[in-house]
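Novice:
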Amino acid sequence: GMRYKTIRSMAGHYVRELLEALPQGPFVLSGFSTGGVIAFEMARMLQAAGRQPSLLVILDARGPAFNWWRYAPRAKMADIRGALIRPRCERYLRRVGSIPFKLRNFYIIDTYRRALERYRPQPYDGEVLFIRSKQRAEEPSGWEGLLTGNVRYETVEGSHMTILREPCVHDLVKVMERY
Numbered sequence: 009g010m011r012y013k014t015i016r017s018m019a020g021h022y023v024r025e026l027l028e029a030l031p032q033g034p035f036v037l038s039g040f041s042t043g044g045v046i047a048f049e050m051a052r053m054l055q056a057a058g059r060q061p062s063l064l065v066i067l068d069a070r071g072p073a074f075n076w077w078r079y080a081p082r083a084k085m086a087d088i089r090g091a092l093i094r095p096r097c098e099r100y101l102r103r104v105g106s107i108p109f110k111l112r113n114f115y116i117i118d119t120y121r122r123a124l125e126r127y128r129p130q131p132y133d134g135e136v137l138f139i140r141s142k143q144r145a146e147e148p149s150g151w152e153g154l155l156t157g158n159v160r161y162e163t164v165e166g167s168h169m170t171i172l173r174e175p176c177v178h179d180l181v182k183v184m185e186r187y
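Position in the sequence shown (first residue = 1) + 8 = our numbering.
1. Taking S141 and G166 to be in contact with their CB atoms under 8 angstroms, please state how far apart those CB atoms are, rounded to whole angstroms.
2. I'd like the list of long-range same chain contacts for H168, defined as Cβ closer than 8 angstroms, with 5 residues on each side in sequence excluded.
3. Are there 16 or more other CB atoms within 10 angstroms of the CB of V23, so buried, or fewer, so exposed?
4. Run through DSSP, which three-state label would Y187 get?
5. Label P61 either buried or exposed according to how many other C-beta atoms from any shown protein chain fall within 10 Å of its C-beta, with 16 as the threshold for buried.
6. With which residues is G153 paired in a DSSP beta bridge?
7. If we ignore side chains and look at the alpha-carbon of each, how far apart do N158 and M10 end up?
8. Using the DSSP secondary-structure output, state which residues sit across from Y22 in a beta bridge.
9. Please name the residue in V164, L37, Y187 whose C-alpha comes closest to that of V177.
10. Determine whether the beta carbon atoms of I46 and I15 lie at a separation below 8 angstroms.
11. Beta-carbon separation of Q55 and Y115 under 8 angstroms?
12. So what's G105 in DSSP terms, helix, strand or just coil?
13. Taking its Cβ as the centre, do 16 or more other Cβ atoms sit within 10 Å of A123, making it buried, or is it exposed?
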């Protein structure tokens, strides 16, 4: 199974790895999708430890307060499917020690989704660059009240699934190079 099953434990693990690799900083953190929420918590942890990141880049990440039922009901329906498939994955882990390849991605996404549901963050007041895909630009971000520092908002061409791929990634790179 996955060793880290909460946003805080995932972020704590990455912060330890980061400080081991780059003890002096400076730190620019970035995360895509759920990784954006993990990077947010990493930034909070580093700030609390007196190691302020110079920038946090959140890439098309729906925040902890996002209303999934209202704006992404298909994703919530996957939770219901997950309640049926997850026990099968857990049985594989107990009996064999691994999950069949065809179920692995589901298990990882389901673990992230469960972690997001339980996550209750405190605000972060550092520098933030919040980049959203055109597809998600009009929906509420789910970050209301959590990004309390200087936040700059940018929108890039594409959908959540295409902003990190050709040709949309070029637009993303141009935006990030400005900061």
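Cβ atoms here follow ideal geometry from the backbone N, Cα and C, with glycine treated the same way. As the structure is a computational prediction, the values presented were derived from the model and not from experiment.
Specialist: On the basis of the supplied data:
1. Here residue 141 corresponds to residue number 133 of the sequence shown, with the count starting at 1. Here residue 166 corresponds to residue number 158 of the sequence shown, with the count starting at 1. Contact holds; Cβ gap of about 5 angstroms.
2. Counting from one through the sequence shown, the residue named residue 168 turns up at place 160. In chain order, S41, D68, S141, Q143, R144 place their CB closer than 8 angstroms to the CB of H168, counting only its own chain and leaving out the 5 sequence neighbours on each side.
3. Position 15 of the sequence shown, counting from 1, holds the residue named residue 23. Counting the other CB atoms within 10 Å of its CB gives V23 a total of 16 or more, which places it among the buried residues.
4. Taking the sequence shown and counting its residues from 1, the one referred to as residue 187 is at position 179. Of the three classes helix, strand and coil, the one that applies to Y187 here is coil, per DSSP.
5. Residue mapping note: residue 61 aligns to position 53 of the sequence shown, counting from 1. P61 is buried by the Cβ-count criterion.
6. Locating residue 153 in the sequence shown gives position 145, where the first residue counts as 1. In the DSSP assignment, no residue is bridged to G153.
7. Start at 1 with the first residue of the sequence shown, and residue 158 comes out as number 150. Start at 1 with the first residue of the sequence shown, and residue 10 comes out as number 2. Each residue's CA atom was taken as its position, placing N158 and M10 some 34 angstroms apart.
8. Start at 1 with the first residue of the sequence shown, and residue 22 comes out as number 14. The partner list for Y22 (beta bridge, DSSP) is empty, contrary to what the question assumes.
9. Here residue 177 is taken as the residue at index 169 of the sequence shown, counted from 1. The option with the nearest alpha carbon to V177 is V164.
10. As a position in the sequence shown, residue 46 is number 38, starting the count at 1. As a position in the sequence shown, residue 15 is number 7, starting the count at 1. Contact: yes.
11. Here the question's residue 55 lines up with position 47 in the sequence shown. Here the question's residue 115 lines up with position 107 in the sequence shown. Contact flag unset, no.
12. Counting from 1 along the sequence shown, the entry for residue 105 is found at position 97. The three-state secondary structure of G105, taken from DSSP, is coil.
13. Within the sequence shown, residue 123 is the residue found at index 115, counting from 1. By the 10 Å Cβ count, A123 comes out buried.
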